[in-house]
Amino acid sequence: EKLEKAGHSFQSETDTEVLAHWIGVKYEKLAGSPRNGKLPILIAVEEALRDVVGTYGIAVLCADFPSVIVGARRGSPLVVGIGKGENFLASDVSAIVSQTRDVIYLKDHDLVVLQPDRFEIFSMINGTADYQVSRVEWSAEAAEKGDFPHFMLKEIFEQPQTIQNACRGRISHEEWTAVFGGLNLTAGQLRAIDRIILTACGTSWHAALVGEYFFEEIAGIPATVEYASEFRYRNTPIEKNTLVFAITQSGETADTLAALRESKRKGHPTLAICNVVGSTIAREADGGVYLRAGPEIGVASTKAFTSQVTALLLLALYMGRTRRLSGTDGKQLVSELDLIPGKIESILAQSDRIKQIALKYKSCVDFLFLGRLGNFPVALEGALKLKEISYVHAEGYPAAEMKHGPIALIDDKTPSVFVCPRDQIYDKVMSNLEEVKARKGPVIAIATEGDADIAKKADDVIYIPPTLEHLQPLLTIIPLQLLAYHFAVALGCDVDKPRNLAKSVTVE
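Heads up: the sequence shown runs through residues 13 to 520, numbered per my numbering.
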């Protein structure tokens, strides 16, 4: 309002345009004069940002200084790329890794002045800024589609390798346990943990639900999963020996970062599970585990989910072996985990057949996804993938909860996707499936190889290799990712950049 009264006119309703005008006002008052050796455009940006409430990650250009870019961040990620005779500014390293692998992750309240041959970094709090140059571990080729039509499909097919990456150097085949170097918590401190809280958003929240199952079943530790966006505002009573996890692909998710900071404020040890080295959450947590999944370009997360599940499994294994889990059970878990990448490859080989199933149902506008125990979060994630990239309504439920309401939705035009591999409650899930068939509902089943009975009950079956019950989510999610992908492509949707979504949600 102040700017409009001063005669400024706006072409949009975005905050960004307002900020550009406000920086312009500050710049005009300086009349192009430097102050304390600082460029006037830098001073204008700094003064304007002191009036800003909320988060930002900006790059500012000025016609009077054509070879200068001023960047600033608070809450939103910003990374500086250092080249030879050239420098770069981006919100994610994947945008600049083809030009340089030497980067600086800016901190909140940092300002940077970039010129072709040099850069300077300042802090709006104390004037000077400490920074560290990091080396990006993955290459530019990793951020390209290669022979795949979409990044999402490429990332689905990368999962055998990314799961191996998540395990590399973290498994002891002598002690049948996991090994971590960055937790910054001793085995004794971890043995003292009485409760675990996992905070996350979106796909990471679904991975956290699988993690809850792991920590309780494998490590014997009570665990609770919280939406980070809710946890940060609740005055939740938390016991003294509680470990809080912040799970995020980007390491910049605003709500998860706020939940982490709230936990630290209350004195609880915190661990981050994230994919981006140098990200804000990775820096602020007491310790953590990097996913090593490489760049995930597709907005709908795929390989990050299975890498998060793998990391949580290894953490549960490690904590379990310091408590109640026997060496025999540890050996069984590790030995079967070693086989998971090959089993995923056998599922990926069914991609063309899964495509035909997707085409069969492409006229449907409502789907139900149903599973139990560790496969309930998989059902939630399958539903999320479908609605994210195809804009089709889909809901996930525990299979037994269907009869408490959702069964009213069943008709011959509403497919139900059952995640029903052989496990301890297989017969119960079959009973739920039969309830759907009795009401003429189409059924797509994710089942274990060798299950001949399921083919008699479901309309379509996608088989996965047998594995331990704890490891099933790493396999059952793969067909659901492929199903969502092929369904969305058949509808002509942009699977890599779905409408209204962002890869990293850095605003509240």
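In this text, a Cβ means the ideal position worked out from N, Cα and C, and glycines have one as well.
Any idea if residue i is buried or exposed, counting beta-carbon neighbours within 10 angstroms, 16 or more meaning buried?
i: Q10; result: Any answer about residue 10 is impossible in this case: the structure gives the chain only from 13 up to 520.
i: N387; result: buried
i: A391; result: buried
i: N444; result: buried
i: R244; result: buried
i: R384; result: buried
i: S402; result: buried
i: H416; result: exposed
i: A370; result: buried
i: E446; result: exposed
i: P454; result: buried
i: I137; result: exposed
i: V92; result: buried
i: L73; result: exposed
i: K515; result: buried
i: G139; result: exposed
i: A212; result: buried
i: D508; result: buried
i: A75; result: exposed
i: T26; result: exposed
Quick one: Cα of residue i to Cα of residue j, how far?
i: P128; j: T268; result: 35 Å
i: K9; j: K14; result: There is no way to answer for residue 9, as the model of the chain reaches only from 13 to 520.
i: P307; j: A154; result: 7 Å
i: R434; j: G223; result: 20 Å
i: I456; j: V431; result: 9 Å
i: E251; j: L195; result: 21 Å
i: E264; j: A467; result: 44 Å
i: T254; j: A323; result: 19 Å
i: Y239; j: A270; result: 11 Å
i: G394; j: E407; result: 9 Å
i: M414; j: H280; result: 38 Å
i: F160; j: K166; result: 6 Å
i: A141; j: I116; result: 12 Å
i: D298; j: N99; result: 32 Å
i: G181; j: P52; result: 50 Å
i: Q23; j: I35; result: 17 Å
i: S184; j: K343; result: 10 Å
i: Q484; j: V441; result: 15 Å
i: E186; j: E242; result: 42 Å
i: S88; j: A71; result: 12 Å
If you compare alpha carbons, which of the options is closest to residue i?
i: W83; options: D423, L118, S146, S24; result: Correcting the residue identity first, residue 83 is Gly in this sequence and not Trp. Closest by alpha carbon: L118.
i: Q362; options: E296, Y475, H280, T340; result: Y475
i: Q201; options: W34, T334, L61; result: T334
i: V65; options: V72, R86, A75; result: R86
i: T460; options: T426, V517, V377, S358; result: S358
i: D439; options: A294, M164, A411, A450; result: A411
i: S375; options: P389, E400, K425, E348; result: K425
i: G310; options: V30, L503, T488, H162; result: H162
i: H482; options: Q436, H33, S313, L494; result: Q436
i: V30; options: S313, I53, F134, D63; result: D63
i: E12; options: S291, A204, L325; result: With the chain represented from 13 up to 520, any question about residue 12 goes unanswered, as that position is not in the structure.
i: F227; options: S103, D114, D364, D206; result: D206
i: S146; options: T488, I175, T112, G158; result: T112
i: H498; options: G354, I458, K449, K372; result: K372
With the cut-off set at 8 Å, would you say residue i and residue j are in Cβ contact?
i: K469; j: D423; result: no
i: P491; j: I356; result: no
i: S216; j: Q171; result: no
i: F379; j: V404; result: yes
i: Y39; j: A56; result: yes
i: V289; j: L327; result: no
i: L272; j: P389; result: no
i: T189; j: Y409; result: no
i: G69; j: L42; result: no
i: L303; j: A178; result: yes
i: N287; j: A305; result: yes
i: L101; j: I133; result: no
i: L123; j: L54; result: yes
i: A496; j: L360; result: no
i: L503; j: I168; result: no
i: I175; j: G332; result: no
i: L396; j: H218; result: yes
Since residue i sits in a beta bridge, which residues does DSSP pair it with?
i: H280; result: Answer is none; H280 lacks a bridge partner.
i: H162; result: Partner(s): none; H162 has no beta bridge.
i: L101; result: V92
i: C286; result: T260, Y302
i: H405; result: D378
i: F77; result: C74
i: F131; result: L126
i: D472; result: I456
i: A212; result: Y239
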